[in-house]
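Numbering (this note's numbering), first residue to last: 43 to 328.
All residues carry an ideal CB built from backbone N, CA and C; glycine is no exception.
These numbers come from a predicted model, not from an experiment.
Notes to accompany the following structure.
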Amino acid sequence: MKRRDKFDVNSYVPWDIKRIKKVKGLIYKALNLINNNFYLGKTIQTLEERKKEHLKSKNNYVFPKALKKYPEENKWQWIILAEYPHISLNELGYLEMVAIWEMKPQYNMTKGGEGVGLLEYTPEIRFRLGNGNRGRKYTKEESRNMGKARLGQKLSAKQIQSIVDSNKARIWKEESRIKSRETQKGVPKHTQEFKDYMRTVHLGKKVNRTEEHKKNLAIALAKPVARIIDNQIVSVFPSARITEKKLKIRARRYLKSGNIHPRTKSYFKYITHEEYEHLVTVLNIP
43 MKRRDKFDVN SYVPWDIKRI KKVKGLIYKA LNLINNNFYL GKTIQTLEER KKEHLKSKNN
103 YVFPKALKKY PEENKWQWII LAEYPHISLN ELGYLEMVAI WEMKPQYNMT KGGEGVGLLE
163 YTPEIRFRLG NGNRGRKYTK EESRNMGKAR LGQKLSAKQI QSIVDSNKAR IWKEESRIKS
223 RETQKGVPKH TQEFKDYMRT VHLGKKVNRT EEHKKNLAIA LAKPVARIID NQIVSVFPSA
283 RITEKKLKIR ARRYLKSGNI HPRTKSYFKY ITHEEYEHLV TVLNIP
């Protein structure tokens with residue numbers, strides 16, 4: 043699709059955008075006179091105020107980097123493309139997206155609509171952001187700051203359900219398990235003093251479980267369990283409780299996560315009663 047040099051605002055009417063509070067807004071263009079690349083944006087401030095914010099920006103995005111590369115004022119032309127005396131933020135965000143789609147600016151990293159729930163990264167930028175963060179190791183200070191930023195954050199019911207569903211569907215590969223074990227090596231474990239303290243804190247506490255939770259737990263603990271080493275079943279147990287008693291381990295967390303138990307060097311899997319009978323009688327697996 044060819045790039046358009048002009049943006050005709052009158053040819054677009056946002057038909058499905060909720061009209062809330064009306065404000066004065068504008069869509070502007072920042073043109074680099076050296077290479078003719080440009081940036082499109084929206085604002086409810088004056089163009090001069092928005093321009094000052096751009097010049098003060100410390101972000102490492104494409105447009106701020108271009109402003110730092112060409113700091114001279116005479117190398118830039120700031121133009122108001124359209125002014126609206128009464129417009130909602132959603133409408134303004136929509137029109138910005140249309141302008142970006144029509145004119146194809148080189149300095150915009152997104153398709154527009156930031157701040158009004160319309161933000162969407164382009165596939166190219168999404169790929170670059172993913173590659174830039176993949177394998178990145180955060181410093182202790184960065185990790186601490188991210189933790190502080192999330193402190194007190196409450197997830198919606200939809201977000202919680204999405205996390206639960208994604209974890210349920212996740213299958214750990216052997217390579218992922220090895221990597222996970224390697225990352226845990228050298229991590230300091232809890233001292234005996236801390237363990238004793240936590241034991242006294244939780245002593246006598248009762249977990250409030252619903253009847254449905256108790257029923258599901260009883261069903262899960264009554265399921266037969268297979269013990270697997272190197273992708274081969276080495277032994278089977280009639281239930282999770284018996285597994286824990288015989289091996290003297292806490293098998294439930296490993297049944298749920300699919301991780302390898304460090305002491306027994308094996309991982310555990312629920313099997314059906316039919317599979318259990320077949321493994322015991324036909325294959326003679328103890």
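What residue does the alpha helix (DSSP H) around Ala243 start on, and which one ends it? The residue asked about is misnamed: residue 243 is Val in this sequence, not Ala. In the DSSP assignment, Val243 falls within the alpha helix (DSSP H) that extends over 234 to 244.
So within the stretch 245 to 309, which uninterrupted beta strand (DSSP E) runs reach at least 3 residues, ignoring any that extend past its ends? Taking 3 residues as the minimum length, the beta strand (DSSP E) runs contained wholly in the stretch 245 to 309 are 267 to 271, 274 to 279, in order along the chain.
According to DSSP, is Thr323 part of a helix, a strand, or is it coil? Thr323 falls in the helix class under three-state DSSP.
Could you tell me the boundaries of the alpha helix (DSSP H) in which Thr225 lies? 216 to 226 is the span of the alpha helix (DSSP H), which, as asked, contains Thr225.
Pairwise C-alpha distance: Asn74 and Pro147: Rounded to whole angstroms, Pro147 to Asn74 spans 11 Å at the Cα level.
What do you get for Trp118, buried or exposed, if any count of 16 or more other CB atoms within 10 angstroms of its CB means buried? Result: buried.
Measuring only the C-alpha atoms, how far is Arg305 from Tyr103? Rounded to whole angstroms, the separation of the alpha carbons of Tyr103 and Arg305 is 49 Å.
What is the residue span of the beta strand (DSSP E) that Glu114 lies within? Careful: Glu114 lies outside any beta strand (DSSP E) and carries neither H nor E.
Host beta strand (DSSP E) of Asn74 (start-end): For Asn74, the uninterrupted beta strand (DSSP E) segment begins and ends at 65 to 74.
Helix, strand or coil: which one does DSSP assign to Pro127? When secondary structure is reduced to three states using DSSP, Pro127 falls in the strand class.
With DSSP as the reference, please indicate the residues paired to Phe105 in a beta bridge. The partner list for Phe105 (beta bridge, DSSP) is empty, contrary to what the question assumes.
If distances are taken between C-alpha atoms only, which option among Val140, Lys71, Ser198, Gln87 comes closest to Ile373? The shown model of the chain, from 43 to 328, leaves out residue 373, and the question about it has no answer.
Between which two residues does the beta strand (DSSP E) carrying Gly83 extend? Unbroken beta strand (DSSP E) run through Gly83: 80 to 85.
Per DSSP, Lys311 forms a beta bridge with which residues? In DSSP, Lys311 forms a bridge with Ala268.
I need the straight-line Cα distance from His303 to Tyr296, nearest angstrom please. If I take the Cα positions, the gap works out to 7 Å.
Between the Cα of Arg251 and those of Leu259, His244, Leu245, spot the shortest distance and give me the residue it belongs to. Distance from the Cα of Arg251 is smallest, within the candidate group Leu259, His244, Leu245, for Leu259.
Give the straight-line distance between the Cα atoms of Thr285 and Ile291, rounded to the nearest whole angstrom. Spanning the two alpha carbons is a distance of roughly 8 Å.
According to DSSP, which residues form a beta bridge with Trp330? In the structure as shown, the chain starts at 43 and stops at 328, and residue 330 therefore has no counterpart that could be examined.
How long is the line joining the alpha carbons of Trp214 and Glu133, rounded to whole angstroms? Near 45 Å, if we compare the C-alpha coordinates of Glu133 and Trp214.
Integer-rounded CB distance, given that Leu82 should sit under 8 Å from Leu68: Going by Cβ atoms, the distance from Leu68 to Leu82 rounds to 11 Å, so no, they are not a contact pair.
Using the Cα positions of Glu224 and Arg212, report the straight-line distance between them to the nearest angstrom. Between the alpha carbons of Glu224 and Arg212 lies a distance of about 20 Å.
Just to confirm, is the Cβ distance from Tyr309 to Ile270 under 8 Å? Yes, the pair counts as a contact, with Cβ atoms nearer than the cut-off.
With C-beta atoms as the reference, is Ala108 less than 8 Å away from Tyr149? Yes, the pair counts as a contact, with Cβ atoms nearer than the cut-off.
Please classify Tyr136 as buried or exposed, where buried requires at least 16 neighbouring CB atoms within 10 angstroms. Buried, by the Cβ-count rule.
Can you tell me whether Glu138 is buried or exposed? The criterion is at least 16 other CB atoms within 10 Å of its CB, across all chains shown. With 16 or more other Cβ atoms within 10 Å, it is buried.
DSSP-derived helix/strand/coil call for Lys179: The three-state reading of DSSP puts Lys179 in coil, since its state is none of H, G, I, E or B.
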